[in-house]
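Chemist:
Chains as they are written, first to last, in UniProt numbering: chain X, 1 to 370; chain H, 1 to 370.
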């Protein structure tokens with residue numbers, strides 16, 4: 001029901017409506033209507049209703065947070081060269097990179113108006129608090145992404161669980177949990193003193209969520225999970241498991257792992273073309289010097305050595321050997337329990353089916369860790 | 001002076017500051033500090049000061065509009081496959097597409113906070129009016145871009161000057177002229193009754209500006225202009241000149257022009273590789289069947305026929321033949337004169353060196369038309 005209400009609101013706020021030129025606005029609705037979990041709107045709506053607010057007070061904000069998230073998914077899919085999202089080709093595979101960049105930008109740009117219209121909907125003070133919460137969220141998310149990219153780019157690895165958790169708080173927890181919870185509470189009229197406990201709840205939930213998401217990226221079933229498997233390893237993302245592995249491996253394995261991580265990810269195109277060139281050369285249809293020239297030409301766009309599938313397999317085996325996956329599941333479970341503990345202390349949040357949504361979410365995230 | 005103040009403000013608001021992870025924040029400053037015209041901040045600052053406001057009241061808003069513009073430039077350069085911007089390689093050429101997308105998103109996302117901080121700086125009412133102006137600007141800009149993309153994608157051509165001017169008002173005038181002018185006026189305490197004349201001034205100036213920009217794209221000196229020449233024709237952008245040409249060409253030329261516009265733009269990579277394959281085949285280093293297989297493989301990513309340099313030259317000759325460039329210069333000059341006429345009616349805008357900035361800008365845009 002909540003998902004349907006949110007889909008309807010996204011279509012009302014951001015869809016073609018009476019605008020003539022349909023195609024961009026159709027594409028804005030593409031990802032949101034593919035049937036994702038709509039986690040962020042669910043959190044906002046459950047918190048607002050659970051604290052005695054009305055659905056109309058929170059719905060545009062919830063829809064806007066979901067749109068924001070989907071804009072980043074579209075751009076992330078380009079950046080990560082992902083081909084598949086929620087059971088369909090990614091937007092840039094379907095429509096090309098230029099249109100996918102443009103659609104994401106349009107979604108980010110359009111999100112300001114509904115938050116300004118909150119002034120009439122929930123009053124000036126709460127509307128400004130929601131705007132400030134969103135501004136803070138975007139700043140922290142950008143900081144978290146910058147930190148993660150920097151670690152990959154500089155091939156950093158002397159990082160511990162606390163470093164990883166700080167990065168995840170910035171990159172994930174604010175944007176997926178803390179701000180949706182706080183925005184829902186503000187829309188229900190909750191005072192500033194309610195913000196800190198919600199932040200604490202969202203921080204623990206975010207840590208558990210991101211760690212399990214990273215675990216699923218390594219091991220999950222493509223049918224169920226809907227994303228490319230092992231993509232994080234190819235990209236060299238500093239997950240809790242990878243950092244634990246680097247800290248706990250034998251020195252020679254450590255060196256080899258760091259050397260692998262320094263290699264770039266191969267582009268799918270380059271791989272296939274190289275295979276084709278090899279075959280033509282083997283069949284005598286291409287001279288060796290011609291092959292060398294073509295390979296050099298192709299590699300001029302990918303100057304450094306690429307990770308190979310055996311590199312990735314070796315890294316994964318090393319993770320298993322040092323117990324990194326078990327460690328990550330333990331840390332995720334601890335944070336899920338801490339989230340449940342914080343939720344239990346919120347005596348100002350009456351028991352109701354709305355509060356149950358939050359408790360169920362903790363269980364769901366916890367369940368994914370097993 | 002105004003440019004320096006704005007650069008300093010951008011660095012203060014959006015630069016690395018005390019944040020540890022420098023590289024993303026360094027890249028945010030890359031385009032703004034390359035020494036563009038900083039047209040939008042100049043308009044905001046001149047209007048604010050000219051109407052008796054203080055520099056501090058408008059500076060963060062001016063810097064934010066400039067940042068917004070630079071975020072779109074970064075993403076446009078990816079979408080247009082541009083290699084060169086303000087005398088240096090584009091950001092995605094220097095740092096790769098993923099980082100360039102990310103940096104642009106970060107810039108768009110960070111722009112909310114300074115506009116919210118306007119509440120303390122210029123008061124609640126003006127701050128909200130500036131926020132609403134920016135929200136309107138982004139919505140109209142998105143609509144304009146969507147319209148332009150739709151015209152290219154659907155190969156539309158039964159469009160007249162009025163259609164083009166409406167698209168330009170949406171795509172360019174609000175974002176480059178009207179909103180910067182209005183935001184400057186609001187920061188100076190101007191009432192809502194001042195908004196309409198500024199909108200009219202900015203609309204005419206925007207039309208003259210975009211038409212001359214399109215003319216320079218066809219004919220300009222790369223050294224001076226700093227962008228790829230003729231890129232609009234390769235992309236099939238519906239400029240005033242192109243639409244005039246399509247309307248005024250002989251039927252058989254019309255058909256040929258429309259057929260050329262239906263072809264896609266070749267990717268620079270594909271072109272070079274095809275040349276290399278031709279040379280290898282000519283030298284006997286590559287068999288004809290091997291060449292055919294490689295060409296097919298390369299073209300599987302560009303299934304439809306590509307525009308050729310002789311297509312582009314023919315289109316340009318046709319434009320000259322029908323007098324499209326002369327017509328465009330006339331329309332641009334008319335709008336520049338109308339902008340000057342509107343400016344002359346603004347009796348509430350005292351004569352000063354700040355008002356002279358606006359008058360000089362009209363002259364500058366007018367001068368570019370010759």
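Yeah, the Cβ is synthetic: ideal placement off N, Cα and C, and Gly gets one too.
1) Looking only at its chain, what residues have a beta carbon closer than 6 angstroms to the beta carbon of residue 282 of chain X, apart from the 5 residues adjacent to it on each side?
2) Run down chain H in chain order and give the residues with a C-beta less than 7 angstroms from the C-beta of residue 138 of chain X.
3) Just grab the DSSP bridge partners of residue 85 of chain X for me.
4) Under 7 angstroms Cβ to Cβ from residue 221 of chain H, same chain only, skipping five residues before and after it: list those, please.
5) By how many angstroms is the C-alpha of residue 363 of chain H removed from the C-alpha of residue 338 of chain H?
6) Just curious, the alpha helix (DSSP H) that residue 414 of chain X is in, first and last residue?
7) So if I threshold CB-CB distances at 8 angstroms, which residues from the stretch 76-102 of chain H count as touching chain X?
8) What residues from chain H crowd round residue 132 of chain X, counting only those whose CB sits closer than 7 angstroms?
9) Below 7 angstroms between beta carbons is the criterion; list the residues of the stretch 281-292 of chain X that meet it against any residue of chain H, in chain order.
10) Kindly indicate if chain H contains any beta-carbon less than 7 angstroms away from that of residue 24 of chain X.
11) Let's test the definition: count the other Cβ atoms within 10 Å of the Cβ of residue 45 of chain H and tell me whether it reaches 16, buried, or not, exposed.
12) Taking only heavy atoms of the ligand ATP into account, decide whether any of them is closer than 6 angstroms to the Cβ of residue 257 of chain X.
13) Just how far apart, CA to CA, sit residue 42 of chain X and residue 331 of chain X?
14) Check the C-beta distance from residue 215 of chain H over to residue 39 of chain H and give it rounded, since I have them as a contact under 8 angstroms.
15) Which of the three DSSP states is assigned to residue 4 of chain X in this structure?
16) Secondary structure at residue 286 of chain X, three-state DSSP: helix, strand or coil?
17) Is there a Cβ from chain H that is less than 7 angstroms from the Cβ of residue 142 of chain X?
18) Mind checking which residues open and close the alpha helix (DSSP H) that includes residue 341 of chain X?
19) For the alpha helix (DSSP H) that residue 48 of chain H lies in, which residues bound it at each end?
20) So residue 294 of chain X and residue 276 of chain H are in contact, right, with Cβ under 8 angstroms, and what is the actual spacing, rounded?
21) Quick check: the Cα distance between residue 225 of chain H and residue 86 of chain H, rounded to an integer number of angstroms?
22) Considering Cα atoms alone, identify which of X:164, X:189 and X:190 is closest to residue 207 of chain X.
23) Scan the stretch 144-165 of chain H for residues whose Cβ lies nearer than 8 angstroms to a Cβ of chain X and list them as they occur along the chain.
24) Does the beta carbon of residue 232 of chain X come closer than 7 angstroms to any beta carbon on chain H?
25) Just the C-alpha distance for residue 209 of chain H and residue 357 of chain H, rounded to the nearest angstrom, thanks.
26) Taking residue 354 of chain H as the reference, give the member of H:368, H:51, H:366 and H:258 with the closest Cα.
27) Starting from residue 202 of chain H and walking both ways along the alpha helix (DSSP H), at which residues does that stretch end?
28) Quick one, which of X:104, X:65, X:8 and X:322 has its alpha-carbon nearest residue 76 of chain X's?
29) For a contact meaning CB atoms closer than 7 angstroms, what does residue 321 of chain X contact in chain H?
30) Would residue 236 of chain X and residue 168 of chain X qualify as a contact pair, given that the criterion is a beta-carbon distance under 7 angstroms?
31) According to DSSP, is residue 264 of chain X part of a helix, a strand, or is it coil?
32) Report the neighbours of residue 106 of chain H on chain X: residues whose CB is nearer than 8 angstroms to its CB, in chain order.
33) In chain order, what residues of the same chain have a beta carbon less than 8 angstroms from the beta carbon of residue 223 of chain H, not counting five sequence neighbours either side?
34) Any Cβ of chain X within less than 7 angstroms of the Cβ of residue 135 of chain H?
35) Mind checking which residues open and close the alpha helix (DSSP H) that includes residue 356 of chain H?
36) State buried or exposed for residue 259 of chain H, treating a residue as buried only when at least 16 other CB atoms are found within 10 Å of its CB.
Modeler: Taking the geometry as given:
1) Within the first chain, the letter at position 282 stands for residue 282 of chain X. So no residue of the chain qualifies.
2) As a working mapping, residue 138 of chain X is identified with position 138 in the first chain. Neighbours of residue 138 of chain X on chain H, chain order: 109, 110 and 112.
3) The residue labelled residue 85 of chain X in the question sits at position 85 within the first chain. DSSP output for residue 85 of chain X lists X:88 as bridge partner(s).
4) By 1-based counting over the second chain, the position of residue 221 of chain H is 221. Note on residue 221 of chain H: pLDDT 47, under 50, position unreliable in the model; no value is reported.
5) The residue you call residue 338 of chain H lines up with position 338 of the second chain. The residue you call residue 363 of chain H lines up with position 363 of the second chain. About 12 angstroms.
6) Here chain X has residues from 1 to 370 only, and residue 414 of chain X is not among them.
7) 78, 79, 80, 97, 98, 99, 101 and 102
8) One-based indexing of the first chain puts residue 132 of chain X at position 132. Those are 116, listed as they occur along chain H.
9) 285, 286, 287, 289 and 290
10) Here the question's residue 24 of chain X lines up with position 24 in the first chain. So yes, residue 24 of chain X belongs to the interface.
11) Taking the second chain and counting its residues from 1, the one referred to as residue 45 of chain H is at position 45. The residue in question, residue 45 of chain H, is buried, as its Cβ has 16 or more Cβ neighbours within 10 Å.
12) Ligands in the displayed structure: none, and consequently the ligand ATP is not present.
13) Indexing the first chain from 1 puts residue 42 of chain X at position 42. Indexing the first chain from 1 puts residue 331 of chain X at position 331. Spanning the two alpha carbons is a distance of roughly 25 angstroms.
14) For this step, residue 215 of chain H is matched to residue 215 along the second chain. For this step, residue 39 of chain H is matched to residue 39 along the second chain. Not confirmed; about 18 angstroms, so no contact.
15) Taking the first residue of the first chain as position 1, residue 4 of chain X is located at position 4. Helix at residue 4 of chain X.
16) Your numbering for residue 286 of chain X matches position 286 in the first chain. Of the three classes helix, strand and coil, the one that applies to residue 286 of chain X here is strand, per DSSP.
17) Reading the first chain from its first residue, position 142 is the one you call residue 142 of chain X. For residue 142 of chain X, the answer is yes, since a Cβ of chain H falls inside 7 angstroms of its Cβ.
18) By one-based count along the first chain, residue 341 of chain X stands at place 341. 324-345 is the extent of the alpha helix (DSSP H) around residue 341 of chain X.
19) What you label residue 48 of chain H is simply residue 48 of the second chain in a count that begins at 1. It spans 39-50 - the alpha helix (DSSP H) in which residue 48 of chain H sits, taken as one unbroken run.
20) Position 294 of the first chain, counted from the first residue, corresponds to residue 294 of chain X. Position 276 of the second chain, counted from the first residue, corresponds to residue 276 of chain H. Contact flag correct, Cβ pair sits at about 7 angstroms.
21) Position 225 of the second chain holds residue 225 of chain H. Position 86 of the second chain holds residue 86 of chain H. Note that residue 225 of chain H scores a pLDDT of 44, beneath 50, so its modelled location is shaky; the value from the coordinates is reported in the next line. Using only the alpha carbons, I get a separation of about 8 angstroms.
22) Within the first chain, numbered from 1, the residue matching residue 207 of chain X stands at position 207. It is X:164 whose Cα lies nearest to the Cα of residue 207 of chain X.
23) 145, 146, 147, 149, 150 and 153
24) Your numbering for residue 232 of chain X matches position 232 in the first chain. Not closer than 7 angstroms to any Cβ of chain H, the Cβ of residue 232 of chain X fails to qualify, so no.
25) Along the second chain, read from residue 1 onward, the residue named residue 209 of chain H stands at position 209. Along the second chain, read from residue 1 onward, the residue named residue 357 of chain H stands at position 357. Looking at the two C-alpha atoms, the distance is approximately 16 angstroms.
26) Start at 1 with the first residue of the second chain, and residue 354 of chain H comes out as number 354. The residue with the shortest Cα to Cα distance from residue 354 of chain H is H:51.
27) As a working note, residue 202 of chain H is residue 202 in the second chain. Its alpha helix (DSSP H) spans residues 195-219.
28) In the first chain, the residue the question calls residue 76 of chain X occupies position 76. Checking every option, the nearest Cα to that of residue 76 of chain X belongs to X:104.
29) Along the first chain, read from residue 1 onward, the residue named residue 321 of chain X stands at position 321. Under the 7 angstroms cutoff, chain H gives no residues; its nearest Cβ is about 31 angstroms from residue 321 of chain X.
30) In the first chain, residue 236 of chain X corresponds to position 236, counting from 1. In the first chain, residue 168 of chain X corresponds to position 168, counting from 1. Against a cut-off of 7 angstroms, the Cβ pair of residue 168 of chain X and residue 236 of chain X comes out as no contact.
31) Counted from its first residue, the first chain places residue 264 of chain X at position 264. Strand.
32) Within the second chain, the letter at position 106 stands for residue 106 of chain H. Those within 8 angstroms of residue 106 of chain H in chain X are 142, 145 and 146.
33) Within the second chain, the letter at position 223 stands for residue 223 of chain H. Legend: pLDDT at residue 223 of chain H = 45, less than 50; position of this residue unreliable, no value from coordinates given.
34) One-based indexing of the second chain puts residue 135 of chain H at position 135. So yes, residue 135 of chain H belongs to the interface.
35) Start at 1 with the first residue of the second chain, and residue 356 of chain H comes out as number 356. Note, residue 356 of chain H: alpha helix (DSSP H), 353-368.
36) In the second chain, the residue the question calls residue 259 of chain H occupies position 259. Exposed, since its Cβ has fewer than 16 Cβ neighbours within 10 Å.
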